[in-house]
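What follows is a single structure, written as structure tokens, with notes after it.
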Amino acid sequence: MLESVRKKQQLYPKRYRDEDYLRHSALLLLSLGGRSAVRYSLCGVRNSANPSGICRLHKFCPYCSFLEKQKALAKYVPAYESGIWFSIHGSFTGDLTMNSTTDYYDLLEYWDAYKLALRQLVKDKSIRGVFWTEELAVNQMLPVHVLPHIHAIVEADNMDEETITKLKNMVSANLKNRLGPDCLAPNIKIKNLNSPRKLLSHVQYQIKPMKVAKAYDLAWTRASLNNRAQAVLLNSQLTDLVSGYSLVTNRRFKINSAGNLASKAKPYIGTRKKEIKAAKECVREVLEAGVDYIEMEDRETKDSSLSLAFERN
Ligand SMILES: [Zn+2]
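The working numbering puts the first residue of the sequence shown at 1, with every later residue one more than the last.
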């Protein structure tokens, strides 16, 4: 399977050009196993059973994630003039240690806490719409430390202290209802997206596949000491991490929307299907106008993920 991944990279050097694509793929293929691994390895190869050729495992596959990103950009960037935009980084203080595969079910509670709270903000008209993605940061392995969080763009008149406190209290209450008092406290950061480019950068940043290579490589240095004493443990933790995340999110949407940013809702302000061609042109124009925004806190932004998206294919 890794061999077919390598061949694809030669065939489509732009599409699969992330520098750690092979490394990322090797770790995933070993952990995913079964049909998902085969699908992942054949992403981009058309056949009669799968005419588009894509694997649709956008939670893991950089190319399918890139395709989802293009869809979201075309939906929201052209709507810039129709709204007032903010970004939310909805995270928690600290992180979670995963000791067994069942621990992964707790992640759902953390994402749900934000999901319910964001929907409530729409319902009580504190905001008009929200588009958000559920993510998992892998902070460390041996033992596994992860941090579930969300990234969102919001359309609202304002995101003042009152609204932020309301959101925070709701997230906190939702979590305590489900998990009791021993849970992480919400940690929320808001930004004003006052240019089309800022809106674009945020939508771009919101959609990316899970990343495990960095945490694995750091842990490997320790695992390989003393005749690889902990290597087996590290690899079984990696398998639990990938299969645990995959299992609990199997029937769950990573990419979500509500209010006037939900394409099926009446007040939807984003691009409709018939306008998609003009929308793509608009996205290209915003991109070509240049960068006025690179400042973001997460470590991942400093690498290529921001600039990459539109240069491929
Ligand atoms: Zn794919």
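Virtual Cβ for every residue (Gly too), placed ideally from N, Cα, C.
In terms of side-chain proximity, the C-beta atom of Y21 is found no nearer than 6 Å to any non-hydrogen atom of ligand 1. Within a 10 Å sphere around the beta-carbon of Y110 sit 16 or more other beta-carbons, which makes this residue buried.
Within the stretch 215-286, the complete beta strand (DSSP E) segments of 3 residues or longer fall at 255-259, listed in chain order.
For A185, same chain residues with a beta-carbon under 6 Å away, outside a window of 5 residues either side, are T93 in chain order. Taking V144 as reference, the option from R15, Q9, S100 and N174 with the minimal CA-CA separation is S100. Distance from the CA of A279 to the CA of Y21, rounded to the nearest whole angstrom, comes to 30 Å. Collapsing the DSSP output to three states places I150 in a strand. In this structure, I88 sits near I190, with a CB-CB distance shorter than 7 Å. The beta carbon of V77 is closer than 8 Å to those of P196, L199, L200, V203, A279, C282, V283 and V286 in its chain, skipping five residues each way along the sequence.
C-alpha of L32 to C-alpha of Y216: approximately 15 Å in a straight line. In its chain, beyond the 5 residues on either side, L27, L30, S31, M141, V212 and Y216 have a beta carbon closer than 8 Å to the beta carbon of L238. Just measuring C-alpha positions, the residue of K168, G83, R119 and A137 sitting nearest L107 is A137. The Cβ-Cβ distance between R128 and E155 falls below 7 Å. Cα atoms of T97 and V146: separation of roughly 7 Å, rounded to the nearest angstrom.
Look at T97 here: in three-state DSSP terms it is strand. Y12 has its Cβ no nearer than 6 Å to any heavy atom of ligand 1.
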